[in-house]
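Beneath this line is the structure, given in structure tokens, with notes to follow.
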Amino acid sequence: MIEVRNAMKTFQSETVIRDVSLSVRNGSIYGLLGSNGAGKTTLLRMMAGILRTNSGEMKIDGEDIFENNRLKETMIFLQDDLYFFSQYTPKQMARFYRETYPSWDEERYAGMKQSLGLDENKKINKFSKGMKRQVAFWLALSAKPEVMILDEPFDGLDAVVRKTIKSMILEDVAERSMTVIISSHNLKEVEDICDYIGILHNGTILLERDIDDLKGEFHKVQAAFRKGKEPDMSPLDVVHREKRGSVFIYIVRGEKDEITSHVQAAHPVVFDQLSLTLEEIFIYEMRRVGYAKDDII
Amino acid sequence: MFELDMRSGEPIYEQLVYQFKRLIIEGVMEVDEKLPSVRDLAGQLTVNPNTIQKAYRELEAEGYIYSVKGRGSFVQQREEQSNTAKIEEMKKRMFPLLREAFYLGMTREELEEIIRDANGGMDDD
Numbered sequence: 001m002i003e004v005r006n007a008m009k010t011f012q013s014e015t016v017i018r019d020v021s022l023s024v025r026n027g028s029i030y031g032l033l034g035s036n037g038a039g040k041t042t043l044l045r046m047m048a049g050i051l052r053t054n055s056g057e058m059k060i061d062g063e064d065i066f067e068n069n070r071l072k073e074t075m076i077f078l079q080d081d082l083y084f085f086s087q088y089t090p091k092q093m094a095r096f097y098r099e100t101y102p103s104w105d106e107e108r109y110a111g112m113k114q115s116l117g118l119d120e121n122k123k124i125n126k127f128s129k130g131m132k133r134q135v136a137f138w139l140a141l142s143a144k145p146e147v148m149i150l151d152e153p154f155d156g157l158d159a160v161v162r163k164t165i166k167s168m169i170l171e172d173v174a175e176r177s178m179t180v181i182i183s184s185h186n187l188k189e190v191e192d193i194c195d196y197i198g199i200l201h202n203g204t205i206l207l208e209r210d211i212d213d214l215k216g217e218f219h220k221v222q223a224a225f226r227k228g229k230e231p232d233m234s235p236l237d238v239v240h241r242e243k244r245g246s247v248f249i250y251i252v253r254g255e256k257d258e259i260t261s262h263v264q265a266a267h268p269v270v271f272d273q274l275s276l277t278l279e280e281i282f283i284y285e286m287r288r289v290g291y292a293k294d295d296i297i
Numbered sequence: 001m002f003e004l005d006m007r008s009g010e011p012i013y014e015q016l017v018y019q020f021k022r023l024i025i026e027g028v029m030e031v032d033e034k035l036p037s038v039r040d041l042a043g044q045l046t047v048n049p050n051t052i053q054k055a056y057r058e059l060e061a062e063g064y065i066y067s068v069k070g071r072g073s074f075v076q077q078r079e080e081q082s083n084t085a086k087i088e089e090m091k092k093r094m095f096p097l098l099r100e101a102f103y104l105g106m107t108r109e110e111l112e113e114i115i116r117d118a119n120g121g122m123d124d125d
């Protein structure tokens, strides 16, 4: 369990993280979303124990993360700009990882060498951008960490490699309850694998939700009534109402059956329940908490 | 195995529950057949394992599958095939079609004739 309580971080006079509290359960994949400059990288570097917080707490299973070597042996942090020792090959990097991470799995390393098809004796700086990222995941997953912190990890990867890596992460989560935090500026990139999403904006978490709960929370209703007579919708939590010709479109928060029976009671001549995309749901949910901007995610 | 619509607003676990029910109801998955492990399915579908666990729990609660500790989940023998839900669903699908037919001027007699034909010509009156 990763716990962040009222974390704050300033660089000189600039406050990058204002007041962030969040928790990530073991075996969960937490998607940290936010536009450029929202503070994602800073927050992740604090969670990885590289940056010290100005105030607040950063803990894993009750222990402070900052400069905690024992915790760091069980944790992998993949930065946005990957770092490898210069002139090193994957094989040489693997030797370093083997000594650093007690849970290093040689069999896994050999298995991934096969499935990724990369040359372990080639210098890493000779690899392409996407291949470097594959090398990073190769080493990271072979280290079998308990916690993985990934900063924009899928940038520059093609669809096939992206799926391979996502599958490997998911299998580790299923098998050993690995805990993962993934940052991204793009919801579409992470919505399939995350079970939890937090939106960071201007140094605070605007919204934190279980994806499945969130999906069941909103419903889109399209209805038309005889002679255009709209029934009283006030018993329902209507977050958005729109009239297109004689058809009304409602976005309603609540139980699907309750909404259906309320609208049905008015004997609509047209009645459809449509599903919303996760993106739409987030936009309405953000409006509800007072953010009208649609471009945050 | 099957496709999920990640972009849809319908929760992934509900989609999983629906798909598995369909496979079980249609007999594609047989009684005592093992469901894929959470780990394998998560990897294959690139879906969060917690979501798959949630779907399996739901299927178990509804009596579609049973689990054996350490071995996985299996298709449950259905005691009594109840079609109530399916019939309700079909009624819903028929409704707009019938509305349209009546609007276009189809008579009750014509409809009754269709019902007789559909029922294999067996009529009880």
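The listed protein sequences correspond, in order, to chains C and Z.
The first sequence: position 5 = 5 (UniProt numbering), numbered continuously.
The second sequence: position 97 = 97 (UniProt numbering), numbered continuously.
In this text, a Cβ means the ideal position worked out from N, Cα and C, and glycines have one as well.
DSSP places Z:V31 in the coil class of the three-state scheme, outside both helix and strand. Contact of Z:A61 with chain C is not assigned, every C-beta pair being separated by 8 angstroms or more.
If you check the CB distance, C:I149 and C:M47 come in under 8 angstroms. Residue burial annotation: Z:V31 is exposed, with fewer than 16 other C-beta atoms found within 10 angstroms of its C-beta. Per the DSSP secondary-structure output, C:R253 pairs in a beta bridge with C:F218, C:D237. For C:G56, the enclosing beta strand (DSSP E) has its first and last residue at 55–60. Boundaries of the alpha helix (DSSP H) around Z:Y56: 49–61.
For C:I193 and Z:S8, the gap between their C-alpha atoms comes out near 14 angstroms.
The C-alpha of C:E189 lies about 11 angstroms from the C-alpha of C:K163. DSSP, read as helix, strand or coil, puts Z:D117 in helix. Legend: CB atoms of the UniProt domain "HTH gntR-type" (10–78) of chain Z lying less than 9 angstroms from CB atoms of chain C belong to residues E10, P11, I12, Y13, E14, S37, V38, R39, D40, L41, A42, G43, Q44, L45, T46, V47, N48, P49, N50, T51, I52, Q53, K54. Proximity of chain Z to C:I283 at the Cβ level (cut-off 7 angstroms) is not reached, the minimal Cβ distance being about 12 angstroms. About 11 angstroms separates the beta carbon of C:I197 from that of C:G34, a gap too long to meet the 8 angstroms contact definition.
Boundaries of the alpha helix (DSSP H) around Z:V17: 12–25.
Residue-level contact by beta carbon fails for C:G156 and chain Z, as no gap is shorter than 8 angstroms.
Of the candidates Z:E3, Z:K34, Z:Y18, Z:I12, the residue whose Cα lies closest to the Cα of Z:V75 is Z:K34. At a cut-off of 8 angstroms between beta-carbon atoms, C:V173 makes contact with chain Z. The beta carbon of Z:A101 lies closer than 6 angstroms to none in the same chain, with the five residues before and after it left out. Taking a C-beta distance under 8 angstroms as the contact criterion, C:D151 and C:S183 qualify as a contact pair.
At a C-beta separation below 7 angstroms, C:E189 has no neighbours in chain Z, since its nearest C-beta there lies roughly 11 angstroms away.
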